[in-house]
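Okay, so here's the structure we're looking at.
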């Protein structure tokens, strides 16, 4: 039993100044967490109970699927991460340090390397496989913008696991097993989720899906189809490649276009001076060429021009996901000075491409389909060109999913309109493939006695982030509302009587009875605290059932509030214990 | 049930090259841990189970005593540790790093600062106290000599707790409660211990005791009385101050002593040229003055001369404990050049002391008692001085417990002979006092409404070290022998039959039955492994009960080995399950 008179907790009346989102605000106000540094939080007793409840559910389900728990150091030697090149690739996101002997170390942001080496150390035959290993461990990432309390911290608790298989069929099975386990975990946690296709990002590999909790404050934007079950991270949305067959398009024609460096000014000019017979010119008729500077992990930089229809912005998150591990920098004045072929505001495809004289890489969004006709820059100041046809008058070095995705865009599976939503990434399942096994030489002997490179899957759940995500989903204006599976206690009993009126005795007996029945009880037995403050605290702290033992006791009634259903019931004091036990064991 | 055919473990036939002690050797060979870096180890599934069993017992007992669990980040901002000066004091033992914004961080070696600030944040009245908080958390110390596997690592799991009281009586009670809890914890772990008085070291404060597991490979030397229950870390042994009253001692007399820079050469000279009538001169008649250089946390250095009887060495660990947080460096040639008053080999007390012309601090071991007479250096090359009396002819700036403790030295409590033993520090209880509360301004209002500085206790158990300590105590030539409370499984069942002879079926049924009865079973169901290898693995892995299902089954007998008692019993196959359950629930 937890007694509020002794529990190490203090609620705050005011929101913390730096709190941007409800979970952050409420977890601090309710005394669950405290900030220590940017992205670094201490867990107070109630918060720690919730975190451990989440951790327990994750562990139980991982064990149930047959995964085996191990534990690696967080402090790792550089040489291993040099082999995978992630010492460099992680850039500023990696915490690096030097020990007393001058050796380089890092704080592990993820442990692919370590797991690969461990399996190599122990296993040597196809008979040893498959195996899935996991750990629940503190991770470190030097985030540029730690935010929202424990939603995006620099030190956080994560379950990461890895599957090892002899072949692709095995990997698919391990992946499916993990995916099903994640579904069970989030169901037990009471956390709603959408599974979306994801980019593999810096990790290499193929099949990749994210579990997103659909919450407006989430950092991830995703799309889902309004008709079929397609869902994807915006980074991962694909656009079907198509072709236009129109052989009647006029030859390219230069158009003097002084002071028209933007799409808007260009479209205005077109409609004013080159009016079409059939319809108005729109931004969709123009081809916008956006230049960025890529910075590769080895430090070298490279210009990249991306062509998108003029009615769409370039979505830099989508671009970043596709050029990773290179990073995307702005293309500044100094850069333009280095590449005179690029005439700012008038860039066009005819001087672009690795095989052109400029040798500047040029990639097109798939919406710039083969055979389509465009108005675009003519690569000289104050001149555009019309009737420029993709495939006839220009080509590119390839395609890149770069244009922003808009609500109403067609679903790549069924062409129904897509809708756009936001979410928090709470889990990730990912077919890593043979990348790390190849780097570290993880092979086993196959059935024929020949070495076969092992194929891996990589799977993560943010354990501390799940706590915040649950708080985002389960709260109201009054405070937190924990799902039963992870609440610090099942029942919060508030004594509002004066002590000598039997309320303290009744409440204490009831708490004892409920604990005997297997419930965990938080008893507000504080003597000199007003009923109003006690009610407010009970609502803020968020136990799923609040029981009020007060004036009604004289008449034999106890007030039972269901914080999740938001209902209040007066129950006879004779049957209240049984009532509460039933309620605490119900769903929802 | 754990099946060896699927368990992620491989036993090694050979000892790891770097293994110095049995626990390290066996934990690596049995596949419990793997080295990743100096002082950094990965936990494999069996090792992790043991660690979590230890952690569970520690947590249960901490909760039972009413301590409340919290959790701090390991990555901590410098400013807090600047306030306590430990950013400097920890010297090279601290892992330091810089984040992407250039801010200084450290990896927490211990969390006094954080706990103090947290209580300050939440509590404000004497009514809130006492409170005891704890965490079970990964700690980091950049040890100069990480050794012995997980016995002394650089990343390790520790339970640290802190008590907060309004007055000294409260602190004593909190201390006693922690001490009793530690006794229960180590009893449950099956780990023998000795409680020894300890120095407070760098931590400041007063009462301090260590729990040592008496193991020969331990790094800590301690003494215990052969008669009373006195026990102390050698650093903490005290020598009673006494006085000699002898007014008949001759005046000091210089003695030419060419080529006598050592105690041995000096004693030989005395006996050859200045023979005593009553007895031979011995080293105990000489006063040895040893110079060291102190390096203070702020970087400044200071010479210190320590006087001990010539028949004892200076114990630098004892000195280090007493001058901490200053560190002890050797006094080298360059240093001698800076202090010409110090004539190497002929240093004597008459030029020493802060008030002397040399202004060099001079401290005497308490064995150099007031009124005693000595032969010692005369501060000129090739000259000693005899009949120099402490208090009559020289004084010092104070005393320091510096001389080595020898077996047979008198107990400071009862004067019986002391014995000397070695141990591993597995726990530490410590009255920290008001040091951190003063630094961080942790005051609460007392009964009279006046601010009172809180007094703290600090308490630690090395959780990962406890695993190694238990392995040190519980092993034999064949392998590990885990106490039941922390073994990865209660029973290890070995199938030695051929599968089609009913042994596999019987063993599997037995394993199921035992699991139903609440035991945890490790089943060696490997098909193509010889009985000899299976026996060796079972002995190495160290489950407390080994059950062999083999040829005897045809005759209705199963072999049950008690690894702890080292006995083997043939049991009827009809009753073997009940026999094992009884054995598994017995003590020992």
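Residue numbers (this note's numbering), protein chains in the order written: chain Y, 1 to 588; chain A, 1 to 588. We put the beta carbon where it would ideally sit given N, CA and C, even for glycine. Fair warning: this is a prediction, and the values are worked out from it, not measured in the lab.
Using a Cβ-Cβ cut-off of 7 Å, residue 359 (chain A) does not count as an interface residue toward chain Y, since no Cβ of chain Y sits closer than that to its own.
In this chain, the alpha helix (DSSP H) harbouring residue 336 (chain A) covers 333 to 338. With the rule of 3 Cβ pairs closer than 8 Å, the stretch 352 to 362 of chain A does not count as touching the stretch 421 to 434 of chain A. For the stretch 64 to 85 of chain Y, the residues whose beta carbon sits under 9 Å from a beta carbon of chain A are, in order, 66, 68, 69, 70, 71, 72, 73, 74, 75, 76, 77, 80. Excluding sequence positions up to five before and after residue 555 (chain Y), its CB lies less than 8 Å from no other CB in the same chain. At a C-beta separation below 8 Å, residue 142 (chain A) has these neighbours in chain Y: 99, 100.
Here the alpha carbons of residue 451 (chain Y) and residue 334 (chain Y) stand approximately 52 Å from one another.
Residue environment: residue 516 (chain A) is assigned as exposed (fewer than 16 neighbouring CB atoms within 10 Å of its CB, all protein chains considered). Within chain Y, the residues 122 have their CB atoms less than 7 Å from the CB of residue 10 (chain A), given in chain order. Within the same chain, and ignoring the five residues on either side of residue 66 (chain A) in sequence, the residues whose Cβ sits closer than 7 Å to its Cβ are 132. Beta bridge pairing from DSSP links residue 403 (chain Y) with Y:314.
Closest by C-alpha distance to residue 547 (chain Y), out of Y:559, Y:536, Y:326, is Y:559. Approximately 6 Å separates the beta-carbon atoms of residue 130 (chain A) and residue 174 (chain A); this is inside 8 Å, confirming the contact. Contact with chain Y is absent for residue 419 (chain A), since none of that chain's Cβ atoms lies less than 7 Å from the residue's Cβ. About 7 Å separates the beta carbon of residue 308 (chain Y) from that of residue 290 (chain Y), a gap short enough to meet the 8 Å contact definition. With fewer than 16 other Cβ atoms from the protein chains shown falling within 10 Å of its own Cβ, residue 228 (chain Y) counts as exposed. In the three-state scheme derived from DSSP, where H, G and I count as helix and E and B as strand, residue 144 (chain A) is classed as coil. Interface criterion not met: the Cβ of residue 515 (chain A) is under 7 Å from no Cβ in chain Y. Within chain A, the residues placing a beta-carbon under 8 Å from that of residue 42 (chain Y) are 70, 71, 72, 73, 114, 118, ordered along the chain. Partner residues in the beta bridge of residue 293 (chain A), as assigned by DSSP, are A:303, A:329. If one requires a minimum length of 3 residues, the beta strand (DSSP E) runs lying completely within the stretch 420 to 507 of chain A are 443 to 445, 451 to 453, 455 to 462, 491 to 495, in chain order.
Counting only residues of its own chain and dropping the five nearest sequence neighbours on each side, residue 164 (chain A) has a CB closer than 7 Å to the CB of 119, 129, 130, 131, 454, 456. Boundaries cannot be given for residue 520 (chain Y), as no alpha helix (DSSP H) includes it and DSSP labels it neither H nor E. DSSP, read as helix, strand or coil, puts residue 105 (chain Y) in strand. Chain Y places a beta carbon closer than 7 Å to that of residue 92 (chain A), counting this residue as a contact. Along the stretch 135 to 166 of chain Y, going in chain order, the ones with a CB nearer than 8 Å to a CB of chain A are 138, 140, 142, 144, 154, 155.
When 8 Å is used as the limit between beta carbons, residue 48 (chain Y) is near these residues of chain A: 69, 70, 71, in chain order.
Taking all protein chains shown into account, residue 300 (chain Y) has fewer than 16 neighbouring C-beta atoms within 10 Å of its C-beta and is therefore exposed. Taking the Cα positions, residue 514 (chain Y) is about 9 Å away from residue 491 (chain Y).
Taken in chain order, the complete beta strand (DSSP E) segments of 3 residues or longer contained in the stretch 344 to 382 of chain Y are 361 to 364, 373 to 380. Between residue 312 (chain A) and the set A:269, A:293, A:366, A:277, the nearest pair of CA atoms involves A:366. Around residue 242 (chain Y), the same chain offers 369 as residues with beta carbons nearer than 7 Å, after the five sequence neighbours per side are excluded.
Using a Cβ-Cβ distance cut-off of 8 Å, the stretch 135 to 153 of chain Y and the stretch 467 to 486 of chain Y are in contact, since at least three pairs of beta carbons, one from each stretch, lie closer than that value. Shortest Cα-Cα distance from residue 378 (chain A) to any of A:407, A:344, A:399 involves A:344. By the neighbour-count criterion, in which 16 or more other beta carbons inside 10 Å mark a residue as buried, residue 411 (chain A) falls on the buried side. Every beta strand (DSSP E) of 3 residues or more that sits fully in the stretch 166 to 206 of chain A is shown, in chain order, as 194 to 197.
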